[in-house]
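Asker: The sequence shown begins at 1 in this note's numbering and counts up by one.
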Amino acid sequence: PGLYSEFKSVHATLSSLKMLDVGKWPIFSLCSEEELQLIRQACVFGSAGNEVLYTTVNDEVILQMR
Numbered sequence: 001p002g003l004y005s006e007f008k009s010v011h012a013t014l015s016s017l018k019m020l021d022v023g024k025w026p027i028f029s030l031c032s033e034e035e036l037q038l039i040r041q042a043c044v045f046g047s048a049g050n051e052v053l054y055t056t057v058n059d060e061v062i063l064q065m066r
C-alpha cells in the first residue's frame, strides 16, 4: 500500500488505455507480442489495410507490408 503502489496502478491503467486495438488490422498479426507493446503510433493504409507505418517507444520507424 501507499503512494507508490497507487502510482503503479494508475500507470498500468493509463498504459492499457493506450494499447493499440490490433484486432481489426490483420497486418499486425505479423508482429510479435513484444513488438506490439513497443508501438507508440501507427498508421494503417493500403487498399486492404495491408500496410502499416509505425513508430516505437525506442524512436524507431518501421514500414511493414503484406
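The C-beta atom is built at its ideal place from N, Cα and C for all residues, glycine as well.
#1: In terms of residues, what are the limits of the alpha helix (DSSP H) holding residue 60?
#2: Which residues does DSSP pair with residue 43 in a beta bridge?
#3: Rounded to whole angstroms, what is the Cα-Cα separation between residue 36 and residue 48?
#4: Give me the Cα-Cα distance between residue 55 and residue 64, rounded to the nearest whole angstrom.
Answerer: Let me spell this out:
#1: Counting along the chain, residue 60 falls outside any alpha helix (DSSP H), and DSSP gives it neither H nor E.
#2: 53
#3: 20 Å
#4: 11 Å
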